[in-house]
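Presented below is the structure to which this report refers.
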Amino acid sequence: MTHPVQPVAIALGSNLGDSSGTLAKALDALAHIEGVTVQCRSSWYRSTAIGPVQPDYLNGCALLQVSLAPEKLLDCLLETEQRFGRQRAERWGPRTLDLDLLFYAQLRLDTERLQVPHPRLRERAFVLQPLAEIAPDWVDPVSGSTVQDLAALLGEESLVERLEDSH
Ligand code: AMP
1207 MTHPVQPVAI ALGSNLGDSS GTLAKALDAL AHIEGVTVQC RSSWYRSTAI
1257 GPVQPDYLNG CALLQVSLAP EKLLDCLLET EQRFGRQRAE RWGPRTLDLD
1307 LLFYAQLRLD TERLQVPHPR LRERAFVLQP LAEIAPDWVD PVSGSTVQDL
1357 AALLGEESLV ERLEDSH
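Just so we're aligned: 1250 in my numbering is position 44 of the sequence shown, and the numbers increase by one with no gaps anywhere.
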């Protein structure tokens, strides 16, 4: 069944191995999925990991155009994580690739497998800062605030460093 094309925002993170290579390859893999177009990505940002002591993360966000249902898109994200060898030994532990579905158009979804918007995006500078770079005016359907305003609310608390890169 074909699905109408919808704008989607995702977050990418990695803190094991060649993280910038992994994030780039993951986006390339997503771009090859039928029904997924990668529109753009943010810069990569370095952030301090939460949870057990572990290396810093490399984080970023991307905007997609997607003609897949949300659950099908989640399957694709999880498969891509697996493909890049994500280890799930420890909750909040280090990982070669983490992909999160942040927004799916203005949809609100709360099932056992999938919550959209992502429930923790409003408290995460490492999500909001890169997202504000590429989608400042996206309105969060839960709070009614723009990404730019949500990012500004976190302000000084941010532990995120934008890296120089060309993309
Ligand atoms: P985590 O290891 O913290 O990234 O959690 C991954 C699990 O969270 C997946 O197996 C999903 O079923 C679930 N999940 C719920 N909502 C989302 C979302 N918006 N994006 C990614 N995973 C989600």
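Even for Gly, the Cβ is constructed at its ideal location relative to N, Cα and C.
- Relative to the ligand AMP, the nearest heavy atom lies less than 6 Å away from the CB of His1324.
- In the structure shown, Leu1280 adopts helical secondary structure according to DSSP, grouped into three states.
- Close CB contacts of Trp1344 within its chain, under the 7 Å cut and outside five residues either way in sequence, are with Ala1215, Phe1309, Thr1352, Val1353 (chain order).
- Around the C-beta of Leu1327, 16 or more other C-beta atoms lie within 10 Å, and the residue is accordingly described as buried.
- The distance from the Cβ of Ser1249 to that of Pro1336 is about 7 Å, consistent with a contact at the 8 Å cut-off.
- Distances from the CB of Arg1319 to the heavy atoms of the ligand AMP include at least one below 6 Å.
- Bounds of the beta strand (DSSP E) holding Leu1218 are 1212-1220.
- Inter-segment contact for the segment 1276-1293 and the segment 1254-1268 is absent: fewer than three beta-carbon pairs are separated by less than 8 Å.
- Residue side-chain check: Asp1306 places its Cβ nearer than 6 Å to a non-hydrogen atom of the ligand AMP.
- Here Ser1249 carries a coil assignment [DSSP, helix/strand/coil].
- Rounded to the nearest angstrom, the gap between the Cα atoms of Leu1274 and Asp1346 is 21 Å.
- Its Cα nearest to that of Gly1291, the residue Asp1224 stands out among Pro1210, Asp1224, Pro1213, His1209.
- Within the segment 1297-1360, the complete beta strand (DSSP E) segments of 3 residues or longer fall at 1304-1310, listed in chain order.
- For Ala1331, the closest alpha carbon among the candidates Gln1312, Pro1261, Ser1226, Gly1266 is that of Gly1266.
- Residue state for Ala1232 is assigned as helix, using DSSP reduced to three classes.
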